[in-house]
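Below: the structure, in structure tokens.
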Amino acid sequence: EAHMRANAIQTDCDDLAVAAATLASGGQCPLTGERCYDPSTVQNCLSLLLTCGCGQTSGEFAFDIGLPCKATPNGALMMVVPNLAGIVIYSPRLDASGVSRRGKLFCEELVSSFSVHQFDILSHTSSETLSAVTDPRNPRVDKRMAMPALFAAAQGNLKDLQSLANDGVDLDEADYDKRTPLHLAAAEGRADIVYFLLKRGVKLIKDRFEETALDEAKKNGHQQIAHWIQQRETMGVLPPLHGDENTVNKDDDDSDDEEDEPANRRFTKRNTFYASTGSMEHPV
């Protein structure tokens, strides 16, 4: 009797999508914020959907799609992507197993385009596979955030640059002249910034004038910075920074009189020299 009552409930795609999204969020309705189910109930429900939600083809769905799904005889297919979304497809044309033909094709296309399969963390370990599949759970970074990174690099603001890097800002993003933070830091002689960027693995990119950060460092007489860039490019490693005050700025001929330099143009032990481990976060 309970089975017949459940099958007699009338609904539509919108309501089913809300139900799927509620399961995806651990039992909390995305529209009202109300908790409808306990997390343990959601876990049990999703386990059942994964193992037997699509009848005889449940095993095939679990293998190929890797997501909890529920197929109905009238052509609806509900899919739950945990911690991301609830999706419902309705197309009445069924295949031989009684599952919506187009609904199944949609699911296959979804998992081939986005990293939503339950075991993608195991299979998507090679760089080729990772580059072909997008993980929708990763936060999107606004490319406009690259502009503060350029200003921070030019002004020698290491703290702001580290914060932007931790927020996921692409440190290879360039301005209208295709100049990257490494270009600007090398041109301005910002040794600590250059060292940080090189440690982060930024690329040596040519700007629209066909010049790299190495060219900028040589052109402006920053021999120590040029040496670091060359060593990183040829050997793949950087020398550790030491506490000798002349180590970083020995190539700056115009820094003899530090009193004549603006405060943000001077390098001091506190903002320049770090432990020999190469860490840029623990000043000596």
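In terms of the numbering used here, the sequence shown is residues 69 to 352.
Glycine is no exception: its CB is placed at the ideal position from the N, C-alpha and C atoms.
Here the structure is a predicted model, which is why all the values come from computation and not from measurement.
Cutoff 6 Å; reference residue i; Cβ partners in own chain excluding five residues on either side
{"i": "alanine 254", "result": "Val262, Ala281, Glu284, Ala285 and Ile293"}
{"i": "asparagine 339", "result": "At asparagine 339, the pLDDT of 32 sits below 50, so the modelled position is not reliable; the number obtained from the coordinates is stated separately. Contacts found: none."}
{"i": "proline 98", "result": "Ala89"}
{"i": "cysteine 81", "result": "Val156 and Tyr158"}
{"i": "phenylalanine 288", "result": "At residue 288 the sequence reads asparagine, which differs from the phenylalanine that was named. Cβ neighbours of asparagine 288 beyond the five flanking positions: Ala255."}
Limits of the alpha helix (DSSP H) - the one that residue i falls within
{"i": "leucine 91", "result": "81-92"}
{"i": "alanine 259", "result": "259-267"}
{"i": "aspartate 228", "result": "226-234"}
{"i": "asparagine 288", "result": "Unbroken run through asparagine 288: none, as it is neither H nor E."}
{"i": "arginine 169", "result": "169-181"}
{"i": "phenylalanine 131", "result": "126-132"}
{"i": "serine 108", "result": "107-120"}
{"i": "phenylalanine 187", "result": "No alpha helix (DSSP H) holds phenylalanine 187; DSSP gives it neither H nor E."}
{"i": "leucine 218", "result": "214-223"}
{"i": "leucine 250", "result": "249-256"}
{"i": "arginine 73", "result": "70-75"}
Unbroken beta strand (DSSP E) run spanning residue i, endpoints
{"i": "leucine 145", "result": "144-149"}
{"i": "isoleucine 155", "result": "153-158"}
{"i": "alanine 139", "result": "137-139"}
Separation of residue j from residue i, as counted between CA atoms
{"i": "leucine 145", "j": "lysine 138", "result": "6 Å"}
{"i": "leucine 173", "j": "alanine 233", "result": "39 Å"}
{"i": "leucine 114", "j": "arginine 276", "result": "53 Å"}
{"i": "glutamate 128", "j": "glycine 134", "result": "9 Å"}
{"i": "methionine 215", "j": "glutamine 230", "result": "14 Å"}
{"i": "alanine 76", "j": "glycine 236", "result": "49 Å"}
{"i": "proline 308", "j": "phenylalanine 182", "result": "40 Å"}
{"i": "phenylalanine 187", "j": "aspartate 260", "result": "41 Å"}
{"i": "glycine 123", "j": "glycine 101", "result": "32 Å"}
{"i": "serine 323", "j": "valine 179", "result": "Summary for serine 323: the model assigns pLDDT 40, below 50, so the residue's position carries little reliability, and this model does not support an answer."}
{"i": "glycine 257", "j": "leucine 226", "result": "13 Å"}
{"i": "histidine 290", "j": "glycine 224", "result": "15 Å"}
{"i": "cysteine 175", "j": "aspartate 238", "result": "32 Å"}
{"i": "leucine 116", "j": "glutamate 177", "result": "23 Å"}
{"i": "methionine 72", "j": "leucine 152", "result": "31 Å"}
Residue from the options with nearest C-alpha to residue i
{"i": "glutamate 279", "options": "Phe264, Leu250 and Leu306", "result": "Leu250"}
{"i": "aspartate 132", "options": "Gly143, Thr119 and Leu306", "result": "Thr119"}
{"i": "proline 150", "options": "His185, Ala242 and Leu218", "result": "His185"}
{"i": "glycine 269", "options": "Cys104, Gly304, Asp80 and Cys81", "result": "Gly304"}
{"i": "asparagine 112", "options": "Pro98, Ser126, Leu91 and Leu99", "result": "Leu91"}
{"i": "proline 141", "options": "Leu152, Ala130, Ser159 and Met147", "result": "Ser159"}
{"i": "glycine 121", "options": "Lys274, Met147, Cys97 and Met72", "result": "Met147"}
{"i": "glycine 166", "options": "Leu152, Thr125, Glu176 and Cys175", "result": "Thr125"}
Same chain, Cβ closer than 8 Å to residue i, neighbours up to 5 away in sequence not counted
{"i": "leucine 266", "result": "Leu250, Trp296, Ile297, Arg300 and Leu306"}
{"i": "aspartate 83", "result": "none"}
{"i": "aspartate 163", "result": "Arg169 and Lys172"}
{"i": "glycine 143", "result": "Tyr158, Ser159, Pro160, Arg161, Leu162, Ser168 and Gly171"}
{"i": "arginine 130", "result": "The sequence as given places alanine at residue 130; arginine does not occur at that position. Excluding positions up to five away in sequence, the list reads Leu118 and Thr119."}
{"i": "lysine 246", "result": "Ile273, Lys274, Asp275 and Arg276"}
{"i": "glutamine 78", "result": "none"}
{"i": "serine 93", "result": "Asn151"}
Contact belief for residue i with residue j at Cβ below 8 Å, rounded distance in angstroms
{"i": "glycine 154", "j": "alanine 87", "result": "7 Å"}
{"i": "aspartate 228", "j": "lysine 271", "result": "Actually they do not touch by this definition, with Cβ atoms about 21 Å apart."}
{"i": "valine 156", "j": "alanine 74", "result": "Not a contact, Cβ separation roughly 17 Å."}
Other residues of its chain near residue i: CB distance less than 7 Å, five sequence neighbours each side excluded
{"i": "aspartate 243", "result": "Leu218"}
{"i": "glycine 95", "result": "Arg103, Cys104, Tyr105, Asp106, Pro107, Thr109 and Val110"}
{"i": "leucine 252", "result": "Leu218, Ala221 and Ala222"}
{"i": "proline 136", "result": "Leu114, Leu117, Leu118, Gly121 and Val148"}
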